[in-house]
Amino acid sequence: MLVLTIVEFIKNFEMLNYLCPTVLPRHELSSDKIYLGVGKLTKSNVLWLLAIHLLLNSCNCMRITPCHFFPFCLVAVIAFEVPIVLHFNDRGIVYSARAYKVPECSRTAAGTPLIQILSLSDGERITSIIPVSEFSADQYLLMLTMNGYIKKVSLNFFSSIRSTGIIAIQLVPGDELKWVRCCTNNDLVAMASQNGMVILSACANIRALGRNTRGSVAMRLKGEDKMACMDIIPATMGKDFKRMAEAQQIEDLETTTDSSQSLVKASTGPWLLFVSESGFGKRVPLSRFRLSPLNRTGLIGYKFASEDCLAAVFVVGFSVAEDGESDEQVVLVSQSGTVNRIKVRDVSIQSRFARGVILMRLEHAGKIQSASLISATETEPEEVEAADELHLNRAAAQ
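The opening residue of the sequence shown carries number 22 in our numbering; numbering runs sequentially from there.
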């Protein structure tokens with residue numbers, strides 16, 4: 022209730038932004054903040070502002086700046102930051118909307134059409150959503166198109182966006198912007214095509230460009246191959262990957278063990294989780310891949326059967342349990358609307374050339390429509406309580 026009260030307060034008093042340019046210099050105003058103020062510095066107004074200031078400070082979802090008083094101008098101002106959500110469509114246009122403008126709904130609700138929040142035109146489809154709390158200079162947005170073009174743009178370029186949107190990437194006819202991720206120069210990026218080819222590269226090797234540019238070639242696609250997915254490997258996990266890759270190279274030079282024994286040794290994360298459109302999947306240790314520059318064909322990550330292709334690739338192993346296994350889960354949705362939720366630890370670890378195991382049994386001529394990765398902290402409380410109750414019932418039965 023406290024958060025809802027604050028959100029309603031923001032909606033009612035956002036118009037007070039116009040009071041602040043008369044008090045604060047215009048170069049000190051930020052587009053990612055909301056400024057609240059009153060006209061006269063009376064005793065009641067001061068108490069009112071201090072009460073609101075304490076109320077906002079008690080909410081962890083907003084970052085509050087100290088309350089500023091200007092006795093000569095008889096104005097008091099409170100400035101606080103609200104998370105902004107960037108919406109990227111398939112045409113390379115980005116829109117901006119504050120997070121509180123999206124109404125909170127239940128899990129089974131249909132939601133609010135984006136046309137009521139954004140100025141979308143006919144035929145536009147939102148392909149990526151990036152929440153931003155601060156436009157820092159060391160943060161970048163990494164964009165990947167369907168035809169294999171990649172571009173890195175500084176996050177500062179998107180701090181001020183018109184209501185009609187601005188250009189995020191320049192596209193040629195027939196190409197679409199499909200994936201946008203937030204990264205730093207210390208991170209790594211993993212990209213995969215629909216034919217199962219994988220490229221791992223350092224984000225620092227990708228040159229930062231402006232908004233109105235096309236970018237460079239990320240992967241050489243053969244024939245009618247298209248890009249399938251992109252994911253970011255954090256810097257902390259990237260250090261472990263480099264260490265494991267060096268150890269794997271030394272092991273390959275010193276020993277000639279078979280692949281099964283080598284996979285047992287590589288049972289610790291991180292891994293690449295592959296999901297095919299036919300419902301198959303597998304985990305491959307990240308150390309099985311090597312870093313390579315862009316504009317390459319990549320390494321084989323998945324060996325497909327006929328009429329099958331890659332649906333999604335995720336970097337898993339961010340959160341692990343005490344036994345070293347992953348705590349994450351993956352949600353699969355078929356074209357018929359069937360949803361399946363499985364644990365990542367239940368997906369077997371295989372080599373790069375294996376076909377994988379069945380993750381979801383599909384109907385005749387059915388395919389995987391989408392796949393999403395969720396962390397263990399996002400498990401619903403009802404499921405945890407149901408699992409605890411089932412465990413107690415089994416213990417009582419024994």
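Glycine included, every Cβ here is placed at the ideal spot set by N, Cα and C.
Can you tell me which residues form a DSSP beta bridge with SER237? Locating residue 237 in the sequence shown gives position 216, where the first residue counts as 1. Looking at the DSSP output, SER237 shares a beta bridge with ILE171.
To the nearest angstrom, how far is it from the Cα of ASN316 to the Cα of PHE335? Here residue 316 is taken as the residue at index 295 of the sequence shown, counted from 1. Here residue 335 is taken as the residue at index 314 of the sequence shown, counted from 1. A direct Cα-to-Cα measurement between ASN316 and PHE335 gives close to 21 Å.
Relative to the C-alpha of TYR323, which residue among LEU294, LEU293, ARG373, ARG362 is closest? Here residue 323 corresponds to residue number 302 of the sequence shown, with the count starting at 1. Of the candidates LEU294, LEU293, ARG373, ARG362, the one whose C-alpha sits nearest the C-alpha of TYR323 is ARG373.
Please report the straight-line C-alpha distance between LEU135 and ASP252, rounded to a whole angstrom. By one-based count along the sequence shown, residue 135 stands at place 114. By one-based count along the sequence shown, residue 252 stands at place 231. Pairing LEU135 with ASP252, the inter-Cα distance amounts to about 25 Å.
Let me confirm a value: ALA332 is counted as buried when at least 16 other C-beta atoms fall within 10 Å, else exposed. Which label applies? The residue labelled residue 332 in the question sits at position 311 within the sequence shown. The residue in question, ALA332, is buried, as its Cβ has 16 or more Cβ neighbours within 10 Å.
From ILE147 to SER184, what does the alpha carbon distance come to, in whole angstroms? By one-based count along the sequence shown, residue 147 stands at place 126. By one-based count along the sequence shown, residue 184 stands at place 163. Roughly 15 Å between the two C-alpha positions.
Give me the Cα-Cα distance between VAL365 and VAL354, rounded to the nearest whole angstrom. Counted from its first residue, the sequence shown places residue 365 at position 344. Counted from its first residue, the sequence shown places residue 354 at position 333. Approximately 16 Å between the Cα atoms of the pair.
Since I believe ALA158 is in contact with ASN207 (beta carbons under 8 Å), could you give me their beta-carbon distance rounded to a whole number of angstroms? Working through the sequence shown from its first residue, we reach residue 207 at position 186. Working through the sequence shown from its first residue, we reach residue 158 at position 137. Taking the Cβ atoms as the reference, ASN207 lies roughly 14 Å from ALA158, outside the contact range of under 8 Å.
With 16 as the cutoff for other CB atoms within 10 Å, does LYS243 come out buried or exposed? By 1-based counting over the sequence shown, the position of residue 243 is 222. Per the 10 Å Cβ criterion, exposed.
For ALA392, which residues from the same chain have a beta carbon less than 8 Å from its beta carbon, with the 5 sequence-adjacent residues on both sides left out? Here residue 392 corresponds to residue number 371 of the sequence shown, with the count starting at 1. Shown here for ALA392: same chain residues with a beta carbon closer than 8 Å to its own, the five before and five after excluded, namely VAL296, ALA332, ALA333, PHE335, VAL351, VAL352, LEU353, VAL354 in chain order.
Count the other C-beta atoms from every protein chain shown that fall within 10 angstroms of the C-beta of ASN81, then say buried if there are 16 or more, exposed otherwise. As a working mapping, residue 81 is identified with position 60 in the sequence shown. Interpretation of ASN81 is limited by its pLDDT of 44, a score under 50 that renders its predicted location unreliable; the figure taken from the coordinates is listed afterwards. Answer is exposed; the Cβ neighbour count stays below 16.
PHE295, enclosing beta strand (DSSP E) - first and last residue: Position 274 of the sequence shown, counted from the start, is the residue given in the question as residue 295. That run of the beta strand (DSSP E) goes 292-297.
Under 8 Å, do PHE179 and VAL123 count as touching if we go by C-beta distance? As a working mapping, residue 179 is identified with position 158 in the sequence shown. As a working mapping, residue 123 is identified with position 102 in the sequence shown. For PHE179 and VAL123, no; Cβs fall outside 8 Å.
Cβ pair VAL153, LEU198 closer than 8 Å: Here residue 153 refers to the residue found at position 132 when the sequence shown is read from its first residue. Here residue 198 refers to the residue found at position 177 when the sequence shown is read from its first residue. In this structure, LEU198 does not lie closer than 8 Å to VAL153 by Cβ.
Could you name the residues of the same chain whose beta carbon sits closer than 8 Å to that of ARG382, not counting the 5 residues immediately before and after it, in chain order? Translated into positions along the sequence shown, residue 382 becomes position 361. The beta carbon of ARG382 sits closer than 8 Å to those of GLY300, all from its chain and outside the five residues before and after it, given in chain order.
For ARG362, count neighbouring Cβ atoms within 10 angstroms of its own Cβ and tell me buried if that reaches 16, exposed if not. Along the sequence shown, read from residue 1 onward, the residue named residue 362 stands at position 341. By the 10 Å Cβ count, ARG362 comes out exposed.
What are the partner residues of ILE190, as DSSP defines its beta bridges? Numbered from 1 along the sequence shown, position 169 holds the residue referred to as residue 190. Beta-bridge pairing links ILE190 to no other residue.
Simplified DSSP state of THR257, which is helix, strand or coil: In the sequence shown, counting from the first residue as 1, residue 257 sits at position 236. Here THR257 sits in helix by DSSP.
So which of ASN110, VAL238, GLY195, TYR121 has the shortest CA-CA distance to MET212? Counting from one through the sequence shown, the residue named residue 212 turns up at place 191. Closest in alpha carbon position to MET212, among ASN110, VAL238, GLY195, TYR121, is VAL238.
Among all the DSSP beta bridges, which residues are the ones paired with CYS203? On the sequence shown, residue 203 is found 182 positions in, with the first residue counted as 1. For CYS203, which the question treats as bridged, DSSP gives the partners LEU162.
Based on the DSSP output, what are the partners of ALA213 in its beta bridges? Locating residue 213 in the sequence shown gives position 192, where the first residue counts as 1. Answer by DSSP bridge pairing, in chain order: VAL219, CYS250.
Determine the DSSP secondary structure at ALA326, reduced to helix, strand or coil. Translated into the one-based positions of the sequence shown, residue 326 becomes position 305. Assigned with DSSP and collapsed to three states, ALA326 falls in coil, not helix or strand.
Would you kindly report the start and end of the unbroken beta strand (DSSP E) that includes PRO152? Translated into the one-based positions of the sequence shown, residue 152 becomes position 131. It spans 147-153 - the beta strand (DSSP E) in which PRO152 sits, taken as one unbroken run.
Could you check the C-alpha separation between SER313 and LEU165 for me, to the nearest Å? Within the sequence shown, numbered from 1, the residue matching residue 313 stands at position 292. Within the sequence shown, numbered from 1, the residue matching residue 165 stands at position 144. So the alpha carbons of these two residues sit roughly 17 Å apart.
Check for me: the beta strand (DSSP E) holding LEU107 runs from which residue to which? As a working mapping, residue 107 is identified with position 86 in the sequence shown. Boundaries of the beta strand (DSSP E) harbouring LEU107: 105-110, taken from the DSSP string.
Residues in the same chain with beta-carbon distance under 6 Å from LYS247, minus the five sequence neighbours each way, listed in chain order, please. The residue you call residue 247 lines up with position 226 of the sequence shown. Cβ neighbours of LYS247 beyond the five flanking positions: MET167, GLN215.
List the whole-angstrom C-beta distance separating SER357 from GLU328, where the pair is believed to meet the contact cut-off of C-beta under 8 Å. For the purposes of this step, residue 357 is taken as residue 336 along the sequence shown, with counting starting at 1. For the purposes of this step, residue 328 is taken as residue 307 along the sequence shown, with counting starting at 1. About 18 Å; that fails the 8 Å criterion.
Please tell me whether ASN233 and ILE188 are closer than 8 Å, where the distance is taken between their beta carbons. On the sequence shown, residue 233 is found 212 positions in, with the first residue counted as 1. On the sequence shown, residue 188 is found 167 positions in, with the first residue counted as 1. Less than 8 Å separates the beta-carbon of ASN233 from that of ILE188.
Classify CYS126: buried if its beta carbon has 16 or more other beta carbons within 10 angstroms, exposed otherwise. Your numbering for residue 126 matches position 105 in the sequence shown. Label assigned to CYS126: exposed.
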